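Enquirer:
Protein chains: 2
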Amino acid sequence: MAAIEQLSEAERADALDGLPEWDYDDARDAITRTIVFTDFAEAFGFMTQVALLAERADHHPEWSNVWNRVEILLTTHDAGGLSERDIELATAIDAILGG
Amino acid sequence: MAAIEQLSEAERADALDGLPEWDYDDARDAITRTIVFTDFAEAFGFMTQVALLAERADHHPEWSNVWNRVEILLTTHDAGGLSERDIELATAIDAILGG
């Protein structure tokens with residue numbers, strides 16, 4: 001498998017243009033998104049969908065949940081920061097959310 | 001439904017004696033436990049079991065997950081701190097973990 005490369009600044013800027021719901025975390029070279037649902041069942045249902053696609057992609061989020069709220073952070077440890085794999089996972093998460 | 005009461009110091013000490021895997025978080029009046037699994041699938045499988053029993057009990061954890069690691073914090077917002085509901089949920093989580 002080819003090494004996973006960290007995105008350059010230009011590549012990152014370009015990718016983030018397509019992900020307006022995500023914030024860039026400079027300290028972690030990561031992207032984050034917080035989603036607020038109606039209740040826990042809806043929040044955890046979403047997490048289950050993300051878990052399945054993350055497992056299939058073998059690329060997993062760092063995330064937390066408090067009742068109806070889910071906070072997601074995506075970065076690629078093997079690349080030392082944001083990579084194409086994070087952009088793909090973020091895009092898939094947006095698709096689940098209908099955004 | 002009766003109000004949910006915060007545990008007294010004596011009640012808390014007594015409850016924590018039965019929960020040796022949990023740490024007391026003084027700042028939050030909460031209990032925490034971190035569990036490390038083999039991989040993400042096992043970690044998220046555990047989270048799904050906890051989600052179902054939390055939903056049934058209508059009492060939910062604050063928790064985070066990074067790949068094979070799950071951190072759980074239990075407290076009762078309505079009680080302003082640790083209550084019997086947290087002790088019950090912690091006990092049920094320990095049962096899932098076989099501990």
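Going down the list, the sequences are from chains L and F. Position one of the first sequence corresponds to residue 1 (UniProt numbering), numbered consecutively onward. Position one of the second sequence corresponds to residue 1 (UniProt numbering), numbered consecutively onward. All C-beta atoms in this analysis are idealised placements derived from N, C-alpha and C, irrespective of residue type, glycine included. All values reported here derive from a predicted model rather than from experimental measurement.
(1) Please list the partners that V66(L) has in chain F, where partner means a Cβ-to-Cβ separation under 7 Å.
(2) Mind checking H59(L): buried by the 16 CB within 10 Å criterion, or exposed?
(3) How is L73(F) classed by DSSP in three states: helix, strand or coil?
(4) Going straight from the alpha carbon of I4(F) to that of A79(F), what length do you get?
(5) Counting C-beta neighbours from all protein chains within 10 Å, is the total for I96(L) 16 or more, i.e. buried, or is it exposed?
(6) As a quick exercise: from T76(F), S83(F), F40(F), E55(F), pick the residue whose alpha carbon is nearest that of S8(F).
(7) With H, G and I counted as helix, E and B as strand and the rest as coil, what does DSSP make of A15(L)?
(8) Relative to the alpha-carbon of F40(F), which residue among F40(L), M47(L), I35(L) has its alpha-carbon at the smallest distance?
(9) State the start and end residues of the unbroken alpha helix (DSSP H) segment that holds T48(F).
(10) Secondary structure at E62(F), three-state DSSP: helix, strand or coil?
(11) In three-state DSSP terms, what is I87(L)?
(12) Give every residue of the same chain whose Cβ lies closer than 6 Å to the Cβ of residue 111(F), excluding the five residues on either side of it in the sequence, and list them in chain order.
(13) Quick one: residues in its chain with C-beta nearer than 8 Å to the C-beta of D29(L), no 5 flanking neighbours on either side, listed in chain order?
Expert: So, from the listed chains and residues:
(1) Contacts between V66(L) and chain F, judged by CB atoms closer than 7 Å, involve E62 in chain order.
(2) Answer is buried; the Cβ neighbour count reaches 16.
(3) strand
(4) 6 Å
(5) exposed
(6) Here the closest residue by C-alpha is S83(F).
(7) Residue state, collapsed to three classes: helix.
(8) M47(L)
(9) 40 to 57
(10) Judged by DSSP in its simplified three-state form, E62(F) adopts strand.
(11) helix
(12) Past the boundaries of the shown model lies residue 111(F); chain F is included only from 1 to 99, so the question cannot be answered.
(13) Q6, T75, G80, G81, L82
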